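Notes follow once the structure below has been shown.
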Amino acid sequence: MEKYNPAEIEVKWQKRWEEKGLFKALDFDKKPKFYQLEMFPYPSGRIHMGHVRNYTIGDAIARYKKAKGYNVLHPMGFDAFGLPAENAAINNNTHPAKWTYSNIEYMIKELKRLGFSYDWDRLVITCDPDYYKWEQKVFIEMLERGMVYRAKSTVNYCPSCKTVLANEQVEDGKCWRCGSEVIQKEMDEWFLKITDYADQLLDDMKLIEEGWPERVLVQQRNWIGKSKGAFVKFKIKGRDECLEVFTTRPDTLFGVTFVSIAPDHPKLLELVDDKYKDEIEKFVKEFKKGGRDFSKEKEGVFTGVYLINPVNGEEVPLYAANFVLMEYGTGVVMAVPGHDQRDFEFAKKYNLPIRKVIHTDGLSDDVGKWSEAYTEPGVLVNSAQFDGLDNETAKWEIVKWLEKKGLARIGYQYRLRDWNVSRQRYWGAPIPVVYCPHCGIVPEKIENLPVRLPENVEITGEGGSPLSKVDEFVNTKCPICGADAKRETDTFDTFVESSWYFLRYCSPKYDKDIFERKRAEYWMDVDQYVGGIEHAVMHLLYARYFTKVLRDLGYINSTEPFKRLLTQGMVIKDGAKMSKSKGNVVDPDDIIEQYGADTARLFILFAAPPEKDLEWSDEGVEGAFRFLNRLWRLVYKYRDLKSGSVEVKNERLKDLNYQIHSTIKKVSNDFEAYHFNTAIAACMEFVNYLYDFEPKTEDEKKLYAKALEELLKLLSPIAPHITEELWSLTGHESFLLEESWPEYDEAFTVKDITTIAITVNGKLRDTLEFPRGVQEGEVFEKALESPKVKRHIEGKEIVKKIFVKDKLLNIVVK
RNA sequence: GCCGGGGUGGCGGAAUUGGUAGACGCAAGGGACUUAAAAUCCCUUGGAGCUAUGCUCCGUGCGGGUUCGAUUCCCGCCCCCGGCACCA
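Have a look at this one:
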């Protein structure tokens, strides 16, 4: 008997599928379109198990949709700019481009060996000037529209990577990539005004909430962090000037006993009373040196300045305080120690008064006895005409009242900051801007794009941007006046490239613009996006934002790029995420070599539902391989049987037919919901059944052959190679890949005979078989005859009976 | 602290709208085939008890509740994982 030989058949079918061009997506095809997208990889050198999982899930979906009659777009590319290429350049003395492209070459081979159904004609590589050219163009258009600005700002800087990091790239005060301590540094940077889109990014969530995991939306909502509050003006005593605070608790305005200001507030030193100047300067210097240390005790210094509380005219002192953030609100905070824990701690430390303005049952009036601030809801006290109001109502009543006097207004604040896209690195897309001594900041002319990365660059990893040392690059002419000018030497954050690559796939070779509109309109939106949860905020938020920007620039109608999102879990081994440092990595290449791609795919889809973490198990892989061998032997044994139409006339045929149709139904439903693990389980049960069956009559053989055909179709998206080989072995001339998804007849998915559970007081006592549709009376009669049931009823009174048709009879006794 | 998501056999995991808990796989044990092993095939496998070849009780993190009936719904706890975290 011929043995299952994955190494041989997998390569064979991959070649044939490619020769036939079976994965080509047809622009404007009449069939309904389905855009299946997976997050493209960074070309680190090798595919890892997380990629295999991501792409296996996507491939199963793409192949299923193809069988369901869709015109499927399933592309792949590489997020090819980024730091590791530069590090490799430093360590191995290879050029980042060379390193990147050779990695890509190898990884494409790996992806092909896994049998993924990509349309390779649409390959997109982001470090290609024909790619990044277009984001340079969009950037210039954004600049012209005021959607981009340059600003000096204190930025997160990683001294090890020698680059600026976005807020999102700082985790726990450390660099997301290398883990070094992030420091604060002042630099000129380019910002995209994503905050202008904060409300849209929030509101448009309702367009996608059906298809996105709740937790991703929640994370994004928290990240944007919109809060409603009020801006309130506090007059500076002795000056004709105000300081404005932002508060979400205007209901506590009567409890304000001091005001805090950020140490890095630009007006601080100007305001300070001469008497306190030295002390403040010392404090500010200390603060700037230490940066923001969250674990540090709250500290502050009196400025000598007093402010007037607008609600009651009281004079309250102004303190510079180390916990006040300059980046949020106005950098000035009204302090209500009675009802804010931070202010409470500060007031205790510096002996400032604490006042109770919110009351609830059992809350002492003697604030001296309080051990912490009361921050829960309550009723206003000590608040003049607002006393007795519940605090939620009071918030807006007080603002309304102050608004009339021109001292307050309702306002919103966001946690989201503008997106800093400047990186002091070589291996990124150049920011297409020129600095002219006469004209200032000037965008490069569109017709001069792309601003290419120069190739002759020495990458040492020392001292700032490598581009600044390339004279031919830096020295240029002003696009406006022609004078000698200097190029921007920063490059884009690589999240810029990944914010629109899914649009480029629609017309990857189009050379007149970022994409060809009518093709993009045909394919967009992405019907199903699959990727890791680690991109819940950064990538997915940027991509949503960029799509809206492209819409507003008139490129496309799309508002939300990804209709549905599936976030797959991590691949775990021995309780930890697979990683080199933990030494628990399983190399996909080894698995393919030992068992083949189909086994890898089957195991990954079977071991856990897609969203959950997947525990790698060598025994589990063996099990998957065993199943494929079992499938092989089954089909091989019956390879000469021919299917044909059969009159389902006896019990055996009926039962086989029932198994066929109910399996198709189960697997189809599971595929719709992406429950591949249970779909596979159903196929396994079907295989077990078919092993037992052993067809004897001609009719049985025909129907059995039919069963095998359907089985192969059902498993085809998961294990495409073995099923294709068996399809051909059973005498089929066509490609299994081109067969359509099997149909089932609902009428055949139910049996004539049904098993009814007999319970007494809700406890199972017996199960009895009846013809489908049997009446309660008959079931009850038979149930009474059952000794298992009888012994629980005897001597008791039957109170009532609950009958669920074809399922259950519950007899309630007392 | 706040916001999410979870707790089901030895393990990964199944259980339509409340209706036979533990599908399928792994691991384990027993058997068949074999000179032997591998491979394969068959059987057993949630726990406890007993007057054992069948029956009883317990069992989906814990404690209550609703219901004829709860892994599923409600209330109150405990624990684990993830995200955010001086955001005023």
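In my numbering, the protein residues as written are 555 to 1368. The beta carbon of each residue, even a glycine, is placed where N, CA and C say it ideally should be. Note that the coordinates shown come from a computational prediction; the quantities given were computed from them, not determined experimentally.
Taking 7 Å as the cut-off, decide whether the C-beta atoms of residue i and residue j are in contact.
{"i": "R676", "j": "P1062", "result": "yes"}
{"i": "H1346", "j": "R1319", "result": "yes"}
{"i": "K1208", "j": "V1200", "result": "no"}
{"i": "Y989", "j": "L1021", "result": "no"}
{"i": "C1237", "j": "L1268", "result": "yes"}
{"i": "Q1213", "j": "P1004", "result": "no"}
{"i": "L1362", "j": "A1301", "result": "no"}
{"i": "A816", "j": "M759", "result": "no"}
{"i": "Y1228", "j": "P1142", "result": "no"}
{"i": "M661", "j": "I601", "result": "yes"}
What's the gap between the Cα of residue i and the Cα of residue j?
{"i": "D832", "j": "L934", "result": "40 Å"}
{"i": "L943", "j": "R963", "result": "20 Å"}
{"i": "V739", "j": "L822", "result": "Val is not the amino acid found at residue 739; the sequence shown has Lys there. If you take the alpha carbons of K739 and L822, they lie about 20 Å apart."}
{"i": "H913", "j": "D794", "result": "36 Å"}
{"i": "D1065", "j": "Y609", "result": "29 Å"}
{"i": "S707", "j": "C1032", "result": "26 Å"}
{"i": "V709", "j": "D1047", "result": "14 Å"}
{"i": "G1285", "j": "L1291", "result": "15 Å"}
{"i": "D1172", "j": "L1195", "result": "36 Å"}
{"i": "F785", "j": "E899", "result": "24 Å"}
{"i": "P765", "j": "R1118", "result": "Reading the sequence as shown, one finds Gly at residue 765 and not Pro. So the alpha carbons of these two residues sit roughly 4 Å apart."}
{"i": "W567", "j": "Q754", "result": "47 Å"}
{"i": "P1008", "j": "N641", "result": "18 Å"}
{"i": "Y882", "j": "T801", "result": "11 Å"}
{"i": "A639", "j": "N646", "result": "10 Å"}
{"i": "V1314", "j": "T1308", "result": "19 Å"}
{"i": "L1210", "j": "Y1258", "result": "8 Å"}
{"i": "D919", "j": "D941", "result": "15 Å"}
{"i": "K1250", "j": "V1189", "result": "16 Å"}
Quick one: grab the DSSP three-state call for residue i.
{"i": "S814", "result": "strand"}
{"i": "C796", "result": "strand"}
{"i": "S1019", "result": "coil"}
{"i": "L746", "result": "strand"}
{"i": "M593", "result": "coil"}
{"i": "C1237", "result": "helix"}
{"i": "S1375", "result": "The structure shown does not extend to residue 1375, since the chain is modelled only from 555 through 1368, so no value can be given for it."}
{"i": "A784", "result": "strand"}
{"i": "W973", "result": "strand"}
{"i": "K705", "result": "This sequence places Ala at residue 705; Lys is not what is there. In this structure, A705 counts as strand in the three-state DSSP scheme."}
{"i": "Q738", "result": "strand"}
{"i": "E1201", "result": "coil"}
{"i": "Q978", "result": "coil"}
{"i": "Q774", "result": "helix"}
{"i": "V1139", "result": "coil"}
{"i": "F877", "result": "coil"}
{"i": "M661", "result": "helix"}
{"i": "K578", "result": "coil"}
{"i": "D915", "result": "coil"}
Would you mind sorting residue i into buried or exposed? The rule is 16 or more other CB atoms within 10 Å of its CB.
{"i": "L1338", "result": "exposed"}
{"i": "G854", "result": "buried"}
{"i": "T947", "result": "exposed"}
{"i": "Q939", "result": "exposed"}
{"i": "Q1122", "result": "buried"}
{"i": "Q774", "result": "buried"}
{"i": "V772", "result": "exposed"}
{"i": "K836", "result": "exposed"}
{"i": "V1103", "result": "buried"}
{"i": "V1024", "result": "buried"}
{"i": "C1035", "result": "exposed"}
{"i": "I737", "result": "exposed"}
{"i": "L761", "result": "exposed"}
Give a single yes or no on whether residue i has its beta carbon closer than 6 Å to a heavy atom of the ligand GTP.
{"i": "I563", "result": "Questions concerning the ligand GTP fall outside what the structure shown contains, since it holds no ligand whatsoever."}
Open item on the list: Closer than 8 Å is the cut-off here; do at least three beta carbon pairs connect the stretch 744 to 755 with the stretch 964 to 975?
Closed with: yes
Task: Contact between the stretch 1105 to 1113 and the stretch 1153 to 1162 (3+ Cβ pairs under 8 Å) - done: no
TODO: Could you say if the stretch 779 to 799 and the stretch 902 to 909 meet the contact criterion of at least three C-beta pairs nearer than 8 Å?
DONE: no
- [ ] Specify whether the stretch 1026 to 1040 and the stretch 651 to 664 touch according to this definition: at least 3 beta carbon pairs, one from each stretch, less than 8 Å apart.
- [x] no
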